[in-house]
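Peer 1:
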Amino acid sequence: MSRPRRLVGVGVGLAMLGVWVWVTTRPGAGDLGRVFAWGALCAAMLRFATPLVFGALGGLFSERSGVINVGLEGMMLMGAFFAAYGADITGSWVGGILIGVLAGFALGAVHALFAVTLRGEQIVSGIALNFLALGLTGYLYVAVYGPQGTPDNLPQVPSVHLPLDKSSFLGEAFGQLDLLVWGALVAVAAVWFVIFKTRSGLRLRSVGENPTAAETVGIGVIRTRWAAVVASGGLAAAGGAFLSIGFVHSFTPNMIAGRGFIALATLIAGRWKPLPTLVIALLFGLSSALALRLPVLSPSAATLFQMLPYVVTLIVVAGVVGRSIPPAAIGIPFSRESGR
Amino acid sequence: MSAQAPALELRGIVKRFGPVAANDGVDFELRRGEIHGLLGENGAGKSTLMNVVYGMIEPDEGEVLVDGEVVRIGSPRDAMRTGIGMVFQHFMLVPVMTVAENFVLGDEPRAGISLDQRTAAARVRELGERYGLRVDPEAKVADITLGQQQRIEILRALDRGARVLVLDEPTSVLSAQEVGTLFEVLRRLRDQGTSIVFISHKLREVRALADRVSVLRAGRNVGTVATRDVDEAQLAELMVGREVLLRVEKAPAQSGKPRLEVRDLVVEDDRGLRAVDGISLDVCAGEIVAIAGVDGNGQSELIEGIVGLRAPSAGSVAIAGEEVTGLGPRALSEHGLSHIAEDRHRRGLVLDFNLGDNVALRDFRQGARLGLMARGRQRARAERLLTEYDVRGGGPGTQARALSGGNQQKVVIAREMSVEPRVLVAAQPTRGLDVGAIEFVHRRLIAARDSGCAVLLVSLELEEVQALADRILVVFAGEIVGELSPNASDAELGLLMSGSKLAA
Amino acid sequence: MRARFGSQALGPLATALLAFVVGGLVVLATGHSPLATYAAIFEGSGLPWLEPWVSGAQRQAAAFNLQQTLLLATPLILTGLAVAYAFRAGLFNIGGQGQYLVGAIVAVWVGSSFGGMPGWLHASLAIALAAAAGAAWAAIAGLLRATVGANEVITTIMLNYVALWAGVFAFGLGGPLHAAGQPSVPVSNEVVPNARLPVFWGDPNLQGLHIGIFIALAAAVAFAVLLTRSTRGFEARAVGLNPEAAAASGISVGRTYVRVMATCGVFAGLGGAMDVLGWQFHLATNDVQTSEIGFLGIAVALLGRNTAIGTCAAALLFSTLLNGTSVRHLDPSVFPPELAENLTTIIQGLVVLMLSAGFLGSGMLQRARLRLARRGSAASAEDPAGPSEVPT
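Protein chains in written order, with the working numbering: chain A, 192 to 531; chain B, 17 to 520; chain C, 196 to 587.
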């Protein structure tokens with residue numbers, strides 16, 4: 192909707208964030224400097240935002256083509272496990288990412304089969320993907336690694352070292368970021384270009400807005416949606432891969448912990464557009480980074496701060512999402528003959 | 017490819033949907049360079065037939081010939097490749113995209129790896145010049161008129177090399193002026209060698225435009241004739257299968273006091289534009305007032321504003337002298353307002369409810385005790401009403417979805433009329449119904465009028481308006497532009513509907 | 196009616212069977228025998244108790260196992276109903292988990308405070324407040340949907356996490372509900388014996404079966420009555436199947452959303468109360484973090500086609516499966532329980548996945564079709580009758 196309204200939404204979100212910070216930090220207000228080591232906070236924000244960006248971009252492909260994707264959580268989980276597993280067996284982080292993304296494609300294909308070809312209920316099949324991925328990765332994790340967990344020497348995605356003064360803000364914030372963090376930023380630009388500037392993007396959007404119209408000008412709706420949903424799985428999986436072999440350097444069952452759903456909220460609050468989605472993801476990244484840092488001030492409330500990203504999501508969803516207009520044909524299974 | 021072969025020929029096309037045969041062995045022939053009217057009632061199978069031609073629907077039997085050769089059209093892509101283009105009744109455009117983007121969709125020019133927007137726009141301009149169909153390539157489709165949207169569709173079909181052009185009910189959303197322009201364009205295209213199928217259920221238009229006409233009835237082609245050899249009455253008889261009374265029998269109105277008073281009503285549409293821009297009207301007890309106009313001139317918003325589905329931003333509504341502006345549907349129904357919704361599938365019925373529950377939809381709270389409904393009473397009432405309103409095809413336990421359109425509408429009417437409303441708002445009450453059902457609805461509306469109900473009828477069908485109304489109000493761009501008596505000529509009505517105000 | 200139920204049950208049964216077959220393939224792929232595994236799961240669930248020839252110590256073990264299965268079925272029925280009721284109104288309540296947790300937290304708080312109250316009153320008060328808390332929690336999502344149109348799938352999930360961390364905070368060291376007597380263990384106080392639900396089968400000191408199962412079954416009956424007989428249920432169903440028609444005939448869609456969600460919260464909150472007052476008696480932060488009952492309710496409701504009977508049957512099936520695969524009950528020489536628990540999740544996933552494609556009970560699909568028909572080409576106007584709808 193209108194720009195001012197949107198700004199109001201984001202503004203309300205930020206204001207609430209501020210109130211939260213103020214309320215929860217009052218006893219140790221003098222320690223603010225320790226929490227807000229700005230450069231480090233900024234770096235942490237980027238790190239926390241990265242899986243959300245990949246997840247949301249994945250969701251963008253699927254939902255722009257008219258297929259609701261609440262299976263992002265599962266797709267990210269697949270990416271996380273198979274990236275760790277792939278890195279382990281190939282001995283290289285590249286192999287890890289490749290195998291993780293392939294696993295994401297596979298789960299995307301399952302979604303496409305049920306939601307597109309079989310014209311199933313899209314939300315239900317998305318939920319099913321989450322169960323499936325949770326069970327499958329948990330099963331394989333136990334079967335392959337057992338109680339020891341993933342090995343300590345798991346190959347990791349390297350960091351990019353920029354020749355910046357380490358003590359400066361820029362150096363602290365950008366000097367030592369994981370390659371995949373930069374990858375996420377590049378992905379935002381790339382997805383924007385593909386969706387809005389290329390032929391494939393035009394076709395993808397037309398399929399999500401008015402599939403019957405697309406079909407009448409010779410665009411294969413089913414084929415386009417398949418491609419979009421499979422791509423969706425791969426992108427989301429990249430976000431999971433970042434978490435396991437880029438961020439925490441191991442895999443643990445159910446390690447996505449709702450980030451897939453936050454990614455979905457990010458996408459919706461970002462109105463299915465790459466750049467606004469990035470902005471919202473950064474907002475969540477910031478709230479997560481704060482959630483980890485704030486306990487310094489008030490250790491007894493440490494667990495309370497863990498709520499922060501979820502509360503912020505709720506506020507953003509309530510303030511912005513209600514007014515964002517989804518692709519017109521989202522959630523509606525397509526068949527040519529009953530495209531009547 | 018012989019010179020004599022027709023541009024398009026259909027032989028024995030059969031298409032069944034479940035037990036219903038929408039096309040039941042249709043033969044059809046389109047000569048080169050002619051405009052061929054395809055006439056038929058709603059449900060006669062016209063659109064199904066043309067969807068077969070365009071590859072949207074796979075026929076169960078029969079063959080399609082283009083230029084004398086059998087072709088298999090399995091998809092719209094195949095259709096375009098064989099030179100068939102189609103302009104759908106509901107335009108196949110993406111509203112959030114620009115004209116140029118819609119125009120090139122499916123055949124996009126590229127510059128490097130990106131879409132070439134400039135070439136796309138140039139193509140729209142160039143083709144528009146050539147056929148005299150100008151549209152702004154940079155405009156968003158959602159922001160241009162329906163007439164202009166139709167131009168994009170025609171241009172797009174021509175751009176893809178259409179030598180056969182099929183137009184499905186192309187005039188249903190156009191103003192009289194726009195219809196005139198469309199006809200000129202189509203004649204010009206014909207003269208340049210394009211063969212055209214013009215689908216319609218409006219006799220007058222087909223007579224005015226087509227060289228030959230085929231009539232479809234119950235899924236069969238019941239006759240192809242040269243237009244100059246027949247008159248409207250003969251066509252109507254072919255279409256319906258019996259002589260048609262174009263007039264409805266009714267006594268003069270005995271109108272009483274104003275029951276529904278609308279004053280300076282302003283209603284905004286979803287985009288925040290003033291779709292209803294200061295409308296005032298009265299409907300008295302015992303009269304039918306009809307709102308006539310081209311689709312999209314604020315009728316839907318006017319209805320929604322009156323029946324409480326959209327809050328008016330200014331003005332007032334009163335029922336029997338009591339101010340009811342801004343009340344919701346439940347409160348309004350307690351004031352004696354009934355509403356036959358414009359789209360019965362969308363608002364009139366819960367298709368997956370059974371008929372009993374659909375009949376109870378308005379007053380399921382009646383007789384409830386401790387929050388539990390009086391099911392026995394509901395069922396008895398439903399049974400009584402279904403009989404009284406002659407609903408066929410099921411009892412109170414049948415799903416509404418399983419009924420024909422006419423019987424579904426009877427259920428709506430039973431629910432809304434059985435409460436003996438003081439005011440009845442009937443929005444397109446006969447849309448998509450067969451002749452028998454139309455007659456039923458008309459008789460019921462007149463009966464309601466004669467029993468003292470104030471009836472506000474909104475219809476896009478001029479004949480219906482003229483047949484039923486005691487007074488006609490013409491709406492254009494959200495305003496009432498004039499009042500006419502039902503005896504007014506078509507020309508007068510058409511002039512008003514296209515927006516030229518009568519000199520007051 | 197009976198015949199209709201039979202044919203309705205056929206689809207879910209076939210789906211469940213197929214899921215078991217695919218699950219068996221997964222077992223096979225990791226080098227175990229599917230038949231032996233399923234047999235061990237059956238054994239662990241306690242179902243052999245129903246076989247009259249089982250006797251002696253075996254019978255006692257089976258009885259104990261079956262009590263555990265039914266203990267698990269109790270909250271599953273309730274969280275299943277919480278999902279099912281929302282579904283009938285066209286809402287997707289993923290928030291059963293949070294509503295369950297909020298109910299459990301309130302129940303443990305009330306149950307462990309106010310000592311000296313009469314037993315029945317104390318238990319009733321705890322149950323009532325837990326249900327009310329669940330209702331309030333769920334109503335937030337309903338309210339957001341009704342007022343700003345925020346998608347309930349996202350809001351309920353976020354509320355789940357907020358509830359989770361609230362619980363971890365409450366029972367954590369130094370938290371407001373932390374047991375003062377256990378300075379190093381993050382756990383709540385014990386529910387006082389007076390407020391515990393009576394056990395009617397088995398040993399009260401060894402997690403015997405408490406009367407909560409009857410409360411759950413009564414809730415299922417209430418669900419059915421509410422849905423088919425009450426005006427509120429009528430409104431909910433009308434809104435679920437066609438919100439526009441419901442609104443046009445005078446039903447407030449927004450209010451219905453709030454009421455429906457609150458009702459769902461009552462069911463899920465009751466589930467939390469049953470577990471806490473029936474056998475857990477205290478909550479540790481770990482309990483809060485590992486609980487999955489609410490999520491399982493989704494699969495239960497879907498498999499049960501959002502009907503009362505179906506939900507109860509599906510809850511029994513899943514509790515059998517879960518209990519049979521749990522560490523305590525599955526024979527580790529046949530199949531490692533840690534794997535089996537994940538296998539259960541896989542089977543749930545498969546069940547839900549297959550139901551997604553053949554799933555007609557929710558009304559959401561019909562609504563989607565309706566929208567499709569409206570947007571579709573001219574054929575919708577020409578469509579002579581509803582029944583010609585192309586079967587999916």
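Built from N, CA and C at the ideal position, the CB exists for glycine as well.
Please classify M102 (chain B): does DSSP put it in a helix, a strand, or coil?
Peer 2: In the second sequence, counting from the first residue as 1, residue 102 (chain B) sits at position 86. Three-state DSSP puts M102 (chain B) in a strand.
Peer 1: In whole angstroms, give me the CA-to-CA distance for G530 (chain A) and T403 (chain A).
Peer 2: As a first step, residue 530 (chain A) is located in the first sequence; it is residue number 339 there, counting from the start. As a first step, residue 403 (chain A) is located in the first sequence; it is residue number 212 there, counting from the start. For G530 (chain A), the pLDDT reaches just 39, beneath the cut-off of 50, and the residue's location in the model is therefore unreliable, leaving the point undetermined.
Peer 1: Select from the stretch 123–137 of chain B all residues with a C-beta closer than 8 Å to any C-beta belonging to chain A, and list them in chain order.
Peer 2: Under the 8 Å Cβ criterion, the stretch 123–137 of chain B contributes D123, E124, R126, I129, S130 and L131.
Peer 1: Name the DSSP beta bridge partners of N237 (chain B), please?
Peer 2: Within the second sequence, the letter at position 221 stands for residue 237 (chain B). B:L232.
Peer 1: Kindly list the residues whose CB is nearer than 6 Å to the CB of S91 (chain B), restricted to its own chain and excluding five residues on each side of it in sequence; keep chain order.
Peer 2: By one-based count along the second sequence, residue 91 (chain B) stands at place 75. So the qualifying residues of the chain are G71.
Peer 1: In chain B, what lies closer than 9 Å to S397 (chain A) by C-beta?
Peer 2: On the first sequence, residue 397 (chain A) is found 206 positions in, with the first residue counted as 1. What S397 (chain A) touches in chain B: V110, M113, E117, N118, L121 and G122.
Peer 1: Going by DSSP, what residues sit across from P274 (chain B) in a beta bridge?
Peer 2: For the purposes of this step, residue 274 (chain B) is identified with residue 258 of the second sequence, where counting begins at 1. Note: P274 (chain B) sits in a beta bridge opposite B:C300.
Peer 1: I believe G430 (chain A) touches V292 (chain A) by the beta-carbon criterion, under 8 Å. Please report the beta-carbon distance rounded to the nearest angstrom.
Peer 2: Translated into positions along the first sequence, residue 430 (chain A) becomes position 239. Translated into positions along the first sequence, residue 292 (chain A) becomes position 101. Not really, about 10 Å apart at Cβ, beyond 8 Å.
Peer 1: Run through chain B and tell me which residues come within less than 7 Å of E400 (chain A), C-beta to C-beta.
Peer 2: Sequence index remark: in the first sequence, residue 400 (chain A) carries index 209 (1-based). Going along chain B in sequence order, the residues near E400 (chain A) (Cβ under 7 Å) are V110 and V112.
Peer 1: Counting only Cβ pairs nearer than 7 Å, list the residues of chain C close to G387 (chain B).
Peer 2: Here the question's residue 387 (chain B) lines up with position 371 in the second sequence. S425, T426 and R427, listed in chain order.
Peer 1: Closest Cβ-Cβ distance between L495 (chain A) and chain C: below 8 Å?
Peer 2: To locate residue 495 (chain A), count along the first sequence from 1; it is residue 304. Output row for L495 (chain A): interface = yes.
Peer 1: Listing by chain order, which chain A residues have their CB less than 8 Å from the CB of M102 (chain B)?
Peer 2: Residue numbering aside, residue 102 (chain B) sits at position 86 when the second sequence is read from its first letter. Per Cβ cutoff of 8 Å: T407.
Peer 1: Using the Cβ count rule (16 or more neighbours within 10 Å means buried), how would you classify T232 (chain C)?
Peer 2: Position 37 of the third sequence, counted from the start, is the residue given in the question as residue 232 (chain C). So T232 (chain C) counts as buried.
Peer 1: What's the gap between the Cα of L361 (chain A) and the Cα of A235 (chain A)?
Peer 2: Numbered from its first residue, the first sequence carries residue 361 (chain A) at position 170. Numbered from its first residue, the first sequence carries residue 235 (chain A) at position 44. Spanning the two alpha carbons is a distance of roughly 13 Å.
Peer 1: Around the Cβ of T540 (chain C), are there at least 16 other Cβ atoms within 10 angstroms (buried) or fewer (exposed)?
Peer 2: Translated into positions along the third sequence, residue 540 (chain C) becomes position 345. T540 (chain C) is buried by the Cβ-count criterion.
Peer 1: DSSP state of W417 (chain A), grouped into three classes?
Peer 2: Numbered from 1 along the first sequence, position 226 holds the residue referred to as residue 417 (chain A). Helix.
Peer 1: Rank C:G251, C:L497 and C:S444 by C-alpha distance to the C-alpha of V547 (chain C) and give the top, closest one.
Peer 2: Mapped onto the third sequence, residue 547 (chain C) falls at position 352. Residue C:L497 is the option with its Cα nearest to V547 (chain C).
Peer 1: Establish whether the CB of W332 (chain C) and some CB of chain A are separated by less than 8 Å.
Peer 2: In the third sequence, counting from the first residue as 1, residue 332 (chain C) sits at position 137. It does not: the Cβ of W332 (chain C) has no partner Cβ on chain A nearer than 8 Å.
Peer 1: Could you list the residues in the stretch 443–465 of chain B with a C-beta less than 7 Å from some C-beta on chain C, going in chain order?
Peer 2: The residues in question are G448.
Peer 1: Around the C-beta of H302 (chain A), are 16 or more other C-beta atoms found within 10 angstroms, so that it is buried, or is it exposed?
Peer 2: Within the first sequence, the letter at position 111 stands for residue 302 (chain A). With 16 or more Cβ atoms within 10 Å of its Cβ, H302 (chain A) is classed as buried.
Peer 1: Helix, strand or coil for R32 (chain B) per DSSP?
Peer 2: In the second sequence, the residue the question calls residue 32 (chain B) occupies position 16. In the structure shown, R32 (chain B) sits in a strand (DSSP, three-state: E or B).
Peer 1: Excluding five sequence neighbours on each side, which residues of the same chain lie with their C-beta closer than 7 Å to the C-beta of A257 (chain C)?
Peer 2: Here residue 257 (chain C) is taken as the residue at index 62 of the third sequence, counted from 1. Excluding positions up to five away in sequence, the list reads G241, P243, W244 and V249.
Peer 1: Please list the terminal residues of the continuous alpha helix (DSSP H) segment that includes G291 (chain C).
Peer 2: For this step, residue 291 (chain C) is matched to residue 96 along the third sequence. Here the alpha helix (DSSP H) through G291 (chain C) covers G291 to S307.
Peer 1: Ends of the alpha helix (DSSP H) at G122 (chain B)?
Peer 2: Residue numbering aside, residue 122 (chain B) sits at position 106 when the second sequence is read from its first letter. Neither: G122 (chain B) is in no alpha helix (DSSP H) and is coded neither H nor E.
Peer 1: If you draw a straight line from the alpha carbon of A240 (chain A) to that of G499 (chain C), how long is it in whole angstroms?
Peer 2: Translated into positions along the first sequence, residue 240 (chain A) becomes position 49. Translated into positions along the third sequence, residue 499 (chain C) becomes position 304. Approximately 38 Å between the Cα atoms of the pair.
Peer 1: Cβ of I429 (chain B) within 8 Å of Cβ of V451 (chain B)?
Peer 2: Reading the second sequence from its first residue, position 413 is the one you call residue 429 (chain B). Reading the second sequence from its first residue, position 435 is the one you call residue 451 (chain B). For I429 (chain B) and V451 (chain B), no; Cβs fall outside 8 Å.
Peer 1: Would you mind sorting K31 (chain B) into buried or exposed? The rule is 16 or more other CB atoms within 10 Å of its CB.
Peer 2: Against the second sequence, residue 31 (chain B) aligns to sequence position 15. Its Cβ being crowded by 16 or more others within 10 Å, K31 (chain B) is buried.
Peer 1: Could you tell me if F409 (chain C) is buried or exposed, where buried requires 16 or more neighbouring beta carbons within 10 angstroms of its beta carbon?
Peer 2: The residue you call residue 409 (chain C) lines up with position 214 of the third sequence. Burial call: exposed.
Peer 1: Of all Cβ atoms in chain A, is any one closer than 8 Å to the Cβ of W360 (chain C)?
Peer 2: In the third sequence, counting from the first residue as 1, residue 360 (chain C) sits at position 165. Closer than 8 Å: yes.
Peer 1: Counting only beta-carbon atoms, is G437 (chain A) nearer than 8 Å to chain C?
Peer 2: Here residue 437 (chain A) refers to the residue found at position 246 of the first sequence. So, not an interface residue.
Peer 1: Assuming the contact rule is C-beta atoms closer than 8 Å, I356 (chain B) and E480 (chain B) should be a hit. Round their C-beta distance to whole Å, please.
Peer 2: Counting from one through the second sequence, the residue named residue 356 (chain B) turns up at place 340. Counting from one through the second sequence, the residue named residue 480 (chain B) turns up at place 464. Actually they do not touch by this definition, with Cβ atoms about 13 Å apart.
Peer 1: May I have the straight-line CA-CA distance separating N344 (chain A) from G277 (chain A), to the nearest angstrom?
Peer 2: Mapped onto the first sequence, residue 344 (chain A) falls at position 153. Mapped onto the first sequence, residue 277 (chain A) falls at position 86. Computed Cα separation, rounded: 13 Å.
Peer 1: Which residue wins for smallest C-alpha separation from M498 (chain A), given the options C:G370, C:V363 and C:H373?
Peer 2: Taking the first sequence and counting its residues from 1, the one referred to as residue 498 (chain A) is at position 307. That would be C:V363, whose Cα lies nearest to the Cα of M498 (chain A).
Peer 1: Rounded to whole angstroms, what is the Cα-Cα separation between R454 (chain C) and P490 (chain A)?
Peer 2: Here residue 454 (chain C) corresponds to residue number 259 of the third sequence, with the count starting at 1. Here residue 490 (chain A) corresponds to residue number 299 of the first sequence, with the count starting at 1. Between R454 (chain C) and P490 (chain A), the C-alpha separation is close to 39 Å.
Peer 1: Using a threshold of 8 Å, state whether the C-beta atoms of M269 (chain A) and G249 (chain A) are closer than that.
Peer 2: For the purposes of this step, residue 269 (chain A) is taken as residue 78 along the first sequence, with counting starting at 1. For the purposes of this step, residue 249 (chain A) is taken as residue 58 along the first sequence, with counting starting at 1. No, they are not a contact pair.
Peer 1: Thinking C-alpha only, which one of C:A443, C:A510 and C:I493 is nearest E358 (chain B)?
Peer 2: Mapped onto the second sequence, residue 358 (chain B) falls at position 342. It is C:A443 whose Cα lies nearest to the Cα of E358 (chain B).
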